[in-house]
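In full-length UniProt numbering, the protein residues as written are 1 to 434.
Just so you know, even glycine gets a beta-carbon here, dropped at the ideal spot from N, CA and C.
Note that the structure is a prediction, hence the values are computed from the model and not measured.
Only one structure is covered here, and it is reproduced in the block below.
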(Lines of atoms letter the chains of each structure in order from A; the text may use other names.)
(Lines give C-alpha, C1' and ligand atoms only; values in the text may rest on other atoms or scores of the structure.)
Protein backbone atom coordinates (compact mmCIF):
# COMPACT_ATOMS: atom_id res chain seq x y z
CA UNK A 1 0.00 0.00 0.00
CA UNK A 2 1.31 3.37 -0.99
CA UNK A 3 2.10 5.96 1.65
CA UNK A 4 -0.32 8.87 1.86
CA UNK A 5 0.61 11.83 -0.34
CA UNK A 6 3.00 9.81 -2.45
CA UNK A 7 2.39 10.07 -6.18
CA UNK A 8 2.05 6.72 -7.91
CA UNK A 9 4.26 5.88 -10.86
CA UNK A 10 2.50 5.62 -14.23
CA UNK A 11 2.01 2.04 -15.33
CA UNK A 12 3.54 1.14 -18.69
CA UNK A 13 1.12 0.37 -21.49
CA UNK A 14 0.92 -3.23 -22.60
CA UNK A 15 2.72 -4.01 -25.79
CA UNK A 16 0.80 -5.46 -28.71
CA UNK A 17 2.27 -7.11 -31.69
CA UNK A 18 0.49 -8.08 -34.88
CA UNK A 19 -0.25 -7.05 -38.43
CA UNK A 20 -3.24 -5.80 -40.45
CA UNK A 21 -4.27 -7.64 -43.55
CA UNK A 22 -6.26 -5.73 -46.20
CA UNK A 23 -7.82 -8.05 -48.71
CA UNK A 24 -9.92 -6.64 -51.54
CA UNK A 25 -10.53 -7.58 -55.09
CA UNK A 26 -8.64 -5.74 -57.75
CA UNK A 27 -10.88 -4.41 -60.53
CA UNK A 28 -10.20 -3.13 -63.94
CA UNK A 29 -12.35 -0.17 -65.00
CA UNK A 30 -14.42 -2.34 -67.33
CA UNK A 31 -14.96 -5.05 -64.67
CA UNK A 32 -16.01 -2.44 -62.08
CA UNK A 33 -18.54 -0.88 -64.45
CA UNK A 34 -19.95 -4.28 -65.39
CA UNK A 35 -20.33 -5.47 -61.79
CA UNK A 36 -22.01 -2.32 -60.55
CA UNK A 37 -24.07 -1.93 -63.71
CA UNK A 38 -22.85 1.48 -64.68
CA UNK A 39 -24.19 2.38 -68.05
CA UNK A 40 -21.59 3.54 -70.45
CA UNK A 41 -22.48 6.68 -72.36
CA UNK A 42 -23.30 5.75 -75.86
CA UNK A 43 -21.78 7.83 -78.56
CA UNK A 44 -24.48 8.96 -80.92
CA UNK A 45 -24.29 10.94 -84.07
CA UNK A 46 -25.96 14.33 -84.39
CA UNK A 47 -28.68 12.77 -86.49
CA UNK A 48 -29.41 10.16 -83.81
CA UNK A 49 -29.52 12.80 -81.05
CA UNK A 50 -31.92 14.97 -83.06
CA UNK A 51 -34.09 11.96 -83.82
CA UNK A 52 -34.29 11.12 -80.11
CA UNK A 53 -35.04 14.71 -79.10
CA UNK A 54 -37.77 15.10 -81.71
CA UNK A 55 -39.37 11.76 -80.91
CA UNK A 56 -42.97 12.18 -79.82
CA UNK A 57 -44.85 10.01 -77.37
CA UNK A 58 -48.02 10.43 -75.38
CA UNK A 59 -46.10 10.88 -72.13
CA UNK A 60 -43.73 13.44 -73.60
CA UNK A 61 -46.56 15.34 -75.29
CA UNK A 62 -48.49 15.47 -72.01
CA UNK A 63 -45.40 16.76 -70.20
CA UNK A 64 -44.90 19.52 -72.76
CA UNK A 65 -48.58 20.48 -72.56
CA UNK A 66 -48.36 20.76 -68.78
CA UNK A 67 -45.40 23.11 -69.11
CA UNK A 68 -47.07 25.29 -71.75
CA UNK A 69 -50.51 25.11 -70.11
CA UNK A 70 -50.04 25.03 -66.31
CA UNK A 71 -53.82 24.89 -65.88
CA UNK A 72 -53.64 21.21 -66.93
CA UNK A 73 -51.44 20.56 -63.91
CA UNK A 74 -53.29 22.35 -61.12
CA UNK A 75 -56.93 22.22 -62.24
CA UNK A 76 -57.32 18.42 -61.81
CA UNK A 77 -55.94 18.83 -58.27
CA UNK A 78 -58.43 21.57 -57.38
CA UNK A 79 -60.13 20.97 -54.02
CA UNK A 80 -63.67 22.10 -54.67
CA UNK A 81 -65.03 21.69 -51.13
CA UNK A 82 -62.07 23.39 -49.48
CA UNK A 83 -61.22 26.15 -51.94
CA UNK A 84 -64.26 27.06 -54.03
CA UNK A 85 -66.06 29.27 -51.50
CA UNK A 86 -62.86 31.11 -50.57
CA UNK A 87 -61.98 31.62 -54.23
CA UNK A 88 -65.43 33.04 -55.01
CA UNK A 89 -65.32 35.51 -52.11
CA UNK A 90 -61.73 36.43 -52.94
CA UNK A 91 -62.64 36.85 -56.60
CA UNK A 92 -65.55 39.17 -55.87
CA UNK A 93 -63.47 41.29 -53.49
CA UNK A 94 -60.52 41.46 -55.87
CA UNK A 95 -62.81 42.15 -58.82
CA UNK A 96 -64.35 45.18 -57.15
CA UNK A 97 -60.95 46.50 -56.11
CA UNK A 98 -59.60 45.81 -59.61
CA UNK A 99 -62.53 47.64 -61.17
CA UNK A 100 -61.90 50.73 -59.07
CA UNK A 101 -58.15 50.60 -59.64
CA UNK A 102 -58.56 49.99 -63.35
CA UNK A 103 -60.55 53.19 -63.72
CA UNK A 104 -58.06 55.14 -61.60
CA UNK A 105 -55.02 53.79 -63.46
CA UNK A 106 -56.64 54.58 -66.80
CA UNK A 107 -56.17 58.23 -65.86
CA UNK A 108 -52.46 57.55 -65.29
CA UNK A 109 -52.29 55.92 -68.73
CA UNK A 110 -53.99 59.02 -70.23
CA UNK A 111 -56.94 57.10 -71.68
CA UNK A 112 -60.67 57.39 -70.84
CA UNK A 113 -61.76 55.80 -67.58
CA UNK A 114 -63.87 53.06 -69.18
CA UNK A 115 -60.83 51.48 -70.81
CA UNK A 116 -59.45 50.70 -67.38
CA UNK A 117 -62.28 48.19 -66.98
CA UNK A 118 -61.26 46.41 -70.17
CA UNK A 119 -57.65 46.34 -68.98
CA UNK A 120 -58.76 44.75 -65.71
CA UNK A 121 -60.78 42.07 -67.51
CA UNK A 122 -59.16 40.74 -70.69
CA UNK A 123 -55.63 39.88 -69.44
CA UNK A 124 -57.10 37.52 -66.85
CA UNK A 125 -58.71 35.31 -69.48
CA UNK A 126 -55.37 34.15 -70.83
CA UNK A 127 -53.17 34.34 -67.73
CA UNK A 128 -55.62 31.97 -66.05
CA UNK A 129 -54.53 29.35 -68.60
CA UNK A 130 -50.82 30.11 -69.08
CA UNK A 131 -49.66 31.60 -65.75
CA UNK A 132 -47.80 29.75 -62.99
CA UNK A 133 -48.51 32.01 -59.99
CA UNK A 134 -51.53 31.09 -57.90
CA UNK A 135 -52.00 34.42 -56.16
CA UNK A 136 -51.09 37.43 -58.30
CA UNK A 137 -53.96 39.54 -59.58
CA UNK A 138 -53.34 40.39 -63.22
CA UNK A 139 -54.26 43.83 -64.50
CA UNK A 140 -53.12 47.47 -64.44
CA UNK A 141 -50.37 48.74 -62.14
CA UNK A 142 -49.65 52.44 -61.48
CA UNK A 143 -45.94 52.43 -62.37
CA UNK A 144 -46.55 50.67 -65.68
CA UNK A 145 -49.62 52.83 -66.32
CA UNK A 146 -47.49 55.94 -65.84
CA UNK A 147 -44.93 54.58 -68.31
CA UNK A 148 -47.70 53.91 -70.81
CA UNK A 149 -49.10 57.38 -70.19
CA UNK A 150 -45.75 59.00 -70.92
CA UNK A 151 -45.63 57.30 -74.33
CA UNK A 152 -49.24 58.22 -75.04
CA UNK A 153 -48.73 61.87 -74.13
CA UNK A 154 -45.53 62.13 -76.16
CA UNK A 155 -47.22 60.78 -79.30
CA UNK A 156 -50.62 62.44 -78.81
CA UNK A 157 -50.30 65.71 -76.83
CA UNK A 158 -53.26 68.04 -76.45
CA UNK A 159 -51.66 70.51 -78.87
CA UNK A 160 -52.27 68.10 -81.75
CA UNK A 161 -56.04 68.25 -81.30
CA UNK A 162 -56.76 71.98 -81.01
CA UNK A 163 -59.66 73.28 -83.05
CA UNK A 164 -60.63 76.89 -83.60
CA UNK A 165 -64.17 78.14 -83.34
CA UNK A 166 -66.21 81.29 -82.94
CA UNK A 167 -68.24 82.08 -79.86
CA UNK A 168 -70.43 84.62 -81.64
CA UNK A 169 -68.22 87.59 -80.82
CA UNK A 170 -65.28 89.14 -82.57
CA UNK A 171 -62.84 86.81 -80.81
CA UNK A 172 -62.22 83.19 -81.73
CA UNK A 173 -61.88 80.38 -79.22
CA UNK A 174 -59.60 77.37 -79.27
CA UNK A 175 -60.79 74.09 -77.82
CA UNK A 176 -59.59 70.51 -77.75
CA UNK A 177 -61.33 67.86 -79.82
CA UNK A 178 -61.74 65.40 -76.96
CA UNK A 179 -63.29 62.60 -79.01
CA UNK A 180 -60.51 62.55 -81.60
CA UNK A 181 -57.81 62.89 -78.95
CA UNK A 182 -59.18 60.06 -76.84
CA UNK A 183 -59.52 57.77 -79.85
CA UNK A 184 -55.91 58.45 -80.86
CA UNK A 185 -54.62 57.85 -77.34
CA UNK A 186 -56.52 54.57 -77.01
CA UNK A 187 -55.04 53.43 -80.33
CA UNK A 188 -51.52 54.30 -79.15
CA UNK A 189 -52.01 52.52 -75.80
CA UNK A 190 -53.39 49.36 -77.42
CA UNK A 191 -50.59 49.34 -80.01
CA UNK A 192 -48.02 49.69 -77.24
CA UNK A 193 -49.69 46.81 -75.38
CA UNK A 194 -49.46 44.59 -78.46
CA UNK A 195 -45.78 45.39 -78.98
CA UNK A 196 -44.95 44.80 -75.31
CA UNK A 197 -46.72 41.44 -75.51
CA UNK A 198 -44.73 40.43 -78.58
CA UNK A 199 -41.46 41.32 -76.84
CA UNK A 200 -42.41 39.39 -73.71
CA UNK A 201 -43.45 36.35 -75.74
CA UNK A 202 -40.14 36.38 -77.63
CA UNK A 203 -38.25 36.63 -74.33
CA UNK A 204 -40.17 33.63 -73.03
CA UNK A 205 -39.50 31.54 -76.14
CA UNK A 206 -35.80 32.42 -75.91
CA UNK A 207 -35.79 31.28 -72.26
CA UNK A 208 -34.70 34.65 -70.90
CA UNK A 209 -36.74 34.05 -67.77
CA UNK A 210 -33.55 32.94 -66.02
CA UNK A 211 -33.21 36.50 -64.79
CA UNK A 212 -35.75 35.60 -62.11
CA UNK A 213 -32.92 33.74 -60.35
CA UNK A 214 -31.18 37.04 -59.73
CA UNK A 215 -34.20 38.55 -57.98
CA UNK A 216 -32.83 38.19 -54.45
CA UNK A 217 -35.07 38.71 -51.43
CA UNK A 218 -33.52 42.13 -50.51
CA UNK A 219 -34.03 43.25 -54.10
CA UNK A 220 -37.65 42.15 -54.06
CA UNK A 221 -38.25 43.82 -50.70
CA UNK A 222 -36.77 47.11 -51.85
CA UNK A 223 -38.61 47.02 -55.13
CA UNK A 224 -42.01 46.28 -53.58
CA UNK A 225 -41.49 49.01 -50.97
CA UNK A 226 -40.61 51.56 -53.63
CA UNK A 227 -43.56 50.48 -55.75
CA UNK A 228 -45.87 50.76 -52.74
CA UNK A 229 -44.69 54.34 -52.18
CA UNK A 230 -45.34 55.08 -55.85
CA UNK A 231 -48.87 53.73 -55.41
CA UNK A 232 -49.38 55.89 -52.32
CA UNK A 233 -48.38 59.07 -54.15
CA UNK A 234 -50.51 58.24 -57.18
CA UNK A 235 -53.57 57.68 -54.96
CA UNK A 236 -52.98 60.64 -52.63
CA UNK A 237 -54.07 63.24 -55.16
CA UNK A 238 -57.21 61.19 -55.84
CA UNK A 239 -58.11 60.98 -52.14
CA UNK A 240 -57.65 64.73 -51.77
CA UNK A 241 -59.27 65.40 -55.17
CA UNK A 242 -56.40 67.72 -56.06
CA UNK A 243 -55.45 68.09 -59.71
CA UNK A 244 -51.78 67.83 -60.69
CA UNK A 245 -49.80 67.57 -63.89
CA UNK A 246 -48.50 64.26 -65.21
CA UNK A 247 -44.78 64.17 -64.43
CA UNK A 248 -42.23 61.74 -65.83
CA UNK A 249 -38.63 61.01 -64.92
CA UNK A 250 -36.59 60.34 -61.81
CA UNK A 251 -38.03 63.20 -59.74
CA UNK A 252 -41.65 62.71 -60.80
CA UNK A 253 -42.73 61.68 -57.28
CA UNK A 254 -41.14 64.77 -55.72
CA UNK A 255 -42.71 67.09 -58.30
CA UNK A 256 -46.10 65.47 -57.75
CA UNK A 257 -45.87 65.81 -53.96
CA UNK A 258 -44.78 69.45 -54.24
CA UNK A 259 -47.75 70.30 -56.44
CA UNK A 260 -50.14 68.39 -54.18
CA UNK A 261 -49.04 70.39 -51.13
CA UNK A 262 -49.11 73.63 -53.10
CA UNK A 263 -52.77 72.97 -53.96
CA UNK A 264 -53.73 71.30 -50.70
CA UNK A 265 -56.01 74.22 -49.91
CA UNK A 266 -58.27 73.01 -52.74
CA UNK A 267 -58.84 69.65 -51.01
CA UNK A 268 -62.41 68.39 -51.24
CA UNK A 269 -63.39 67.54 -47.67
CA UNK A 270 -66.05 65.04 -48.73
CA UNK A 271 -63.54 63.04 -50.76
CA UNK A 272 -60.90 63.28 -48.04
CA UNK A 273 -63.24 62.09 -45.27
CA UNK A 274 -64.54 59.25 -47.45
CA UNK A 275 -61.03 58.13 -48.33
CA UNK A 276 -59.76 58.37 -44.75
CA UNK A 277 -62.70 56.40 -43.34
CA UNK A 278 -62.25 53.74 -46.00
CA UNK A 279 -58.57 53.32 -45.12
CA UNK A 280 -59.26 53.10 -41.37
CA UNK A 281 -62.13 50.62 -41.72
CA UNK A 282 -60.27 48.37 -44.17
CA UNK A 283 -57.12 48.29 -42.04
CA UNK A 284 -59.10 47.55 -38.86
CA UNK A 285 -61.08 44.70 -40.41
CA UNK A 286 -57.96 43.21 -42.01
CA UNK A 287 -56.35 43.19 -38.57
CA UNK A 288 -59.40 41.36 -37.22
CA UNK A 289 -59.22 38.86 -40.09
CA UNK A 290 -55.56 38.20 -39.39
CA UNK A 291 -55.93 37.92 -35.61
CA UNK A 292 -58.94 35.60 -35.71
CA UNK A 293 -58.12 33.70 -38.91
CA UNK A 294 -58.25 30.39 -37.02
CA UNK A 295 -61.80 31.08 -35.85
CA UNK A 296 -63.18 32.82 -38.95
CA UNK A 297 -63.60 30.24 -41.70
CA UNK A 298 -63.94 32.85 -44.45
CA UNK A 299 -62.30 36.30 -44.06
CA UNK A 300 -64.66 39.27 -43.92
CA UNK A 301 -64.82 40.75 -47.47
CA UNK A 302 -64.51 44.30 -46.21
CA UNK A 303 -63.63 45.71 -49.65
CA UNK A 304 -66.98 44.51 -51.02
CA UNK A 305 -68.90 45.85 -48.02
CA UNK A 306 -67.20 49.26 -48.10
CA UNK A 307 -67.73 49.64 -51.85
CA UNK A 308 -71.45 48.85 -51.59
CA UNK A 309 -71.99 51.18 -48.62
CA UNK A 310 -69.97 54.03 -50.16
CA UNK A 311 -71.86 53.73 -53.45
CA UNK A 312 -75.20 53.81 -51.64
CA UNK A 313 -74.21 56.86 -49.57
CA UNK A 314 -72.89 58.70 -52.62
CA UNK A 315 -76.09 58.05 -54.54
CA UNK A 316 -78.48 58.73 -51.65
CA UNK A 317 -76.79 61.93 -50.46
CA UNK A 318 -75.98 63.09 -54.00
CA UNK A 319 -72.42 63.93 -52.95
CA UNK A 320 -71.47 65.17 -56.41
CA UNK A 321 -74.17 67.86 -56.46
CA UNK A 322 -74.11 68.85 -52.80
CA UNK A 323 -70.36 68.57 -52.05
CA UNK A 324 -68.74 68.52 -55.51
CA UNK A 325 -67.33 65.06 -54.77
CA UNK A 326 -65.61 63.17 -57.55
CA UNK A 327 -67.55 60.22 -58.98
CA UNK A 328 -67.02 57.95 -61.96
CA UNK A 329 -70.34 58.82 -63.65
CA UNK A 330 -71.57 56.72 -66.57
CA UNK A 331 -69.50 54.03 -68.28
CA UNK A 332 -70.32 52.49 -71.67
CA UNK A 333 -72.11 49.16 -71.37
CA UNK A 334 -70.51 45.94 -72.61
CA UNK A 335 -67.41 45.54 -74.76
CA UNK A 336 -66.00 47.26 -77.78
CA UNK A 337 -65.46 45.01 -80.81
CA UNK A 338 -61.87 43.86 -81.42
CA UNK A 339 -59.77 46.39 -83.34
CA UNK A 340 -56.41 46.04 -85.06
CA UNK A 341 -53.72 48.24 -83.46
CA UNK A 342 -51.63 50.50 -85.67
CA UNK A 343 -48.52 48.51 -86.57
CA UNK A 344 -47.06 51.60 -88.24
CA UNK A 345 -46.48 53.09 -84.76
CA UNK A 346 -44.10 50.30 -83.72
CA UNK A 347 -40.99 52.19 -84.78
CA UNK A 348 -41.91 55.21 -82.62
CA UNK A 349 -42.40 53.21 -79.43
CA UNK A 350 -39.92 50.34 -79.77
CA UNK A 351 -37.41 51.63 -77.19
CA UNK A 352 -40.10 52.37 -74.61
CA UNK A 353 -41.69 48.97 -75.24
CA UNK A 354 -38.54 47.11 -74.18
CA UNK A 355 -38.33 48.96 -70.86
CA UNK A 356 -42.06 48.54 -70.17
CA UNK A 357 -41.89 44.82 -71.02
CA UNK A 358 -39.04 44.22 -68.58
CA UNK A 359 -40.49 46.40 -65.80
CA UNK A 360 -43.94 44.80 -66.08
CA UNK A 361 -42.36 41.35 -65.96
CA UNK A 362 -40.13 42.24 -63.00
CA UNK A 363 -43.11 43.57 -61.03
CA UNK A 364 -45.19 40.48 -61.66
CA UNK A 365 -42.43 37.99 -60.90
CA UNK A 366 -41.22 39.82 -57.79
CA UNK A 367 -44.73 39.90 -56.33
CA UNK A 368 -45.39 36.33 -57.43
CA UNK A 369 -42.16 35.15 -55.84
CA UNK A 370 -43.14 36.66 -52.48
CA UNK A 371 -46.32 34.59 -52.34
CA UNK A 372 -44.67 31.53 -53.87
CA UNK A 373 -42.17 31.51 -50.99
CA UNK A 374 -44.94 32.08 -48.46
CA UNK A 375 -47.05 29.17 -49.73
CA UNK A 376 -44.16 26.89 -50.70
CA UNK A 377 -44.47 26.55 -54.46
CA UNK A 378 -42.41 27.72 -57.42
CA UNK A 379 -43.07 29.93 -60.40
CA UNK A 380 -41.51 29.44 -63.82
CA UNK A 381 -39.83 32.63 -65.02
CA UNK A 382 -39.88 31.63 -68.70
CA UNK A 383 -43.53 30.63 -68.55
CA UNK A 384 -44.40 33.93 -66.88
CA UNK A 385 -42.87 35.75 -69.84
CA UNK A 386 -44.99 33.62 -72.16
CA UNK A 387 -48.15 34.09 -70.06
CA UNK A 388 -47.89 37.88 -69.89
CA UNK A 389 -46.83 38.06 -73.53
CA UNK A 390 -49.93 36.19 -74.67
CA UNK A 391 -52.12 38.21 -72.29
CA UNK A 392 -50.87 41.55 -73.60
CA UNK A 393 -51.07 40.45 -77.25
CA UNK A 394 -54.65 39.32 -76.70
CA UNK A 395 -55.54 42.47 -74.75
CA UNK A 396 -54.02 44.73 -77.39
CA UNK A 397 -56.86 43.86 -79.75
CA UNK A 398 -59.46 44.95 -77.17
CA UNK A 399 -58.25 48.51 -76.52
CA UNK A 400 -56.40 47.67 -73.29
CA UNK A 401 -53.18 49.06 -71.88
CA UNK A 402 -50.26 46.98 -70.56
CA UNK A 403 -51.07 44.48 -67.82
CA UNK A 404 -48.88 43.22 -65.00
CA UNK A 405 -49.93 42.80 -61.36
CA UNK A 406 -50.68 45.17 -58.52
CA UNK A 407 -49.46 44.85 -54.94
CA UNK A 408 -52.71 45.96 -53.35
CA UNK A 409 -54.96 43.74 -55.49
CA UNK A 410 -52.75 40.73 -54.89
CA UNK A 411 -52.78 41.43 -51.15
CA UNK A 412 -56.58 41.61 -51.23
CA UNK A 413 -56.73 38.40 -53.23
CA UNK A 414 -54.49 36.57 -50.76
CA UNK A 415 -55.93 38.05 -47.56
CA UNK A 416 -59.52 37.19 -48.53
CA UNK A 417 -58.63 33.52 -48.88
CA UNK A 418 -57.80 33.06 -52.57
CA UNK A 419 -56.10 29.74 -53.30
CA UNK A 420 -55.68 29.52 -57.09
CA UNK A 421 -56.14 31.50 -60.30
CA UNK A 422 -59.68 30.09 -60.40
CA UNK A 423 -60.62 33.08 -58.25
CA UNK A 424 -59.70 35.41 -61.11
CA UNK A 425 -62.69 34.30 -63.18
CA UNK A 426 -65.18 34.74 -60.35
CA UNK A 427 -65.50 38.55 -60.53
CA UNK A 428 -64.98 38.72 -64.27
CA UNK A 429 -67.61 36.27 -65.47
CA UNK A 430 -69.91 38.98 -66.75
CA UNK A 431 -67.37 41.58 -67.78
CA UNK A 432 -67.73 45.35 -67.50
CA UNK A 433 -71.25 46.67 -67.22
CA UNK A 434 -72.71 50.07 -66.80
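_My output table needs one value for residue 509: the three-state DSSP class, helix, strand or coil._
For the chain, the structure presents residues 1 to 434; residue 509 sits outside this window and is missing.
*If we ignore side chains and look at the alpha-carbon of each, how far apart do residue 242 and residue 107 end up?*
Going by the C-alpha atoms only, they are around 14 Å apart.
*Give the C-beta separation of residue 436 and residue 322 to the nearest angstrom, bearing in mind that I take them to be a contact with Cβ-Cβ under 8 Å.*
With the chain running from 1 to 434 in the structure shown, residue 436 is simply not present.
*Does the count of Cβ pairs from the stretch 323 to 337 and the stretch 363 to 382 closer than 8 Å reach three?*
Contact between the stretch 323 to 337 and the stretch 363 to 382 is absent, with fewer than three C-beta pairs closer than 8 Å.
*Locate the alpha helix (DSSP H) running through residue 256, then write down its first and last residues.*
That run of the alpha helix (DSSP H) goes 252 to 262.
*asked:* Between the alpha carbons of residue 222 and residue 89, how many angstroms are there, rounded?
replied: One C-alpha to the other measures close to 31 Å.
*asked:* Less than 7 Å between C-beta atoms, sequence neighbours within five positions excluded: which residues of the same chain meet that for residue 156?
replied: For residue 156, where only same-chain residues beyond five positions count, the Cβ hits under 7 Å are 181, 184, 185, 188.
_Collapsed DSSP secondary structure at residue 162 in the structure displayed_ = The answer is strand: DSSP assigns residue 162 an E or B state.
*The alpha helix (DSSP H) with residue 322 in it runs from where to where?*
Run containing residue 322: 319 to 323, per the alpha helix (DSSP H) assignment.
*Inspect the CB distances between the stretch 389 to 405 and the stretch 115 to 122 and report whether three or more fall short of 8 Å.*
With a cut-off of 8 Å, the stretch 115 to 122 and the stretch 389 to 405 count as touching, because enough Cβ pairs lie within range.
*Run through DSSP, which three-state label would residue 204 get?*
Correct three-state label for residue 204: helix.
*asked:* Closer than 8 Å is the cut-off here; do at least three beta carbon pairs connect the stretch 343 to 356 with the stretch 202 to 212?
replied: Counting Cβ pairs under 8 Å, fewer than three are found: no touch.
*Helix, strand or coil: which one does DSSP assign to residue 143?*
Three-state result, residue 143: helix.
_Among the candidates 363, 387, 388, whose CA atom is the shortest distance from the CA of residue 407?_
Answer by Cα proximity: 363.
*With residue 142 and residue 230 assumed to form a contact (beta carbons below 8 Å), what rounded beta-carbon distance in angstroms separates them?*
Cβ-Cβ separation between residue 142 and residue 230: approximately 6 Å, consistent with a contact (criterion under 8 Å).
*What number of angstroms, rounded off, separates the C-alpha of residue 31 from the C-alpha of residue 44?*
Looking at the two C-alpha atoms, the distance is approximately 23 Å.
_Give me the residue from 289, 301, 252, 318 with the minimum Cα distance to residue 271._
The option with the nearest alpha carbon to residue 271 is 318.
*Assuming residue 304 contacts residue 103 (C-beta within less than 8 Å), just tell me the rounded distance between them.*
That pair is no contact at about 17 Å.
*Any idea which residues DSSP pairs residue 176 with across the strands?*
According to DSSP, which records beta bridges pairwise, residue 176 is partnered with 162.
_Own chain, CB closer than 8 Å to residue 114, minus 5 neighbours either side, in chain order_ = Only 103, 106, 331, 332, 432 meet the Cβ criterion.
*Within 10 angstroms of the Cβ of residue 1, are there 16 or more other Cβ atoms? Answer buried if so, exposed if not.*
Residue confidence for residue 1 is low, a pLDDT of 48 falling below 50, so the modelled location carries little weight and cannot support an answer.
*Since I believe residue 358 is in contact with residue 405 (beta carbons under 8 Å), could you give me their beta-carbon distance rounded to a whole number of angstroms?*
Between residue 358 and residue 405 the Cβ distance is about 15 Å, and since that is not below 8 Å, they are no contact.
*Would you call the CB atoms of residue 194 and residue 341 closer than 7 Å?*
Yes. Within cutoff.
*asked:* I need the boundaries of the alpha helix (DSSP H) containing residue 273, first residue and last residue.
replied: Counting along the chain, the unbroken alpha helix (DSSP H) around residue 273 starts and ends at 269 to 291.
*Alpha-carbon spacing of residue 129 relative to residue 219, whole angstroms*: Residue 129 and residue 219: Cα-Cα distance of roughly 29 Å.
*Which of helix, strand or coil DSSP assigns to residue 45*: Coil.
*Could you tell me how far apart the beta carbons of residue 138 and residue 403 are, in whole angstroms, since I believe they sit closer than 8 Å?*
Between residue 403 and residue 138 the Cβ distance is about 6 Å, and since that is below 8 Å, they are a contact.
*Count the other CB atoms, across all protein chains shown, that sit within 10 Å of the CB of residue 55; report buried if there are 16 or more and exposed otherwise.*
Taking all protein chains in view, the Cβ of residue 55 is surrounded by fewer than 16 other Cβ atoms within 10 Å, so the residue is classified as exposed.
_First and last residue of the uninterrupted alpha helix (DSSP H) at residue 371_ = For residue 371, the enclosing alpha helix (DSSP H) begins and ends at 346 to 374.
*Decide if residue 316 is buried, meaning its Cβ has at least 16 other Cβ atoms within 10 Å, or exposed.*
Counting Cβ neighbours within 10 Å, residue 316 comes out exposed, since fewer than 16 surround it.
*Can you tell me which of 96, 35, 87, 124 puts its alpha carbon nearest to the alpha carbon of residue 389?*
Distances from the CA of residue 389 to each of 96, 35, 87, 124 were compared; the closest alpha carbon is that of 124.
*Is the beta carbon of residue 96 less than 7 Å from the beta carbon of residue 307?*
Contact flag set, yes.
*Nearest candidate by alpha-carbon position, reference residue 208, set 385, 28, 414*: Of 385, 28, 414, the residue nearest in Cα terms is 385.
_Straight-line Cα distance separating residue 161 from residue 214_ = Their backbone Cα atoms lie some 45 Å apart in a straight line.
*Residue nearest to residue 373 in terms of C-alpha spacing, selected from 133, 279, 238*: Here the closest residue by C-alpha is 133.
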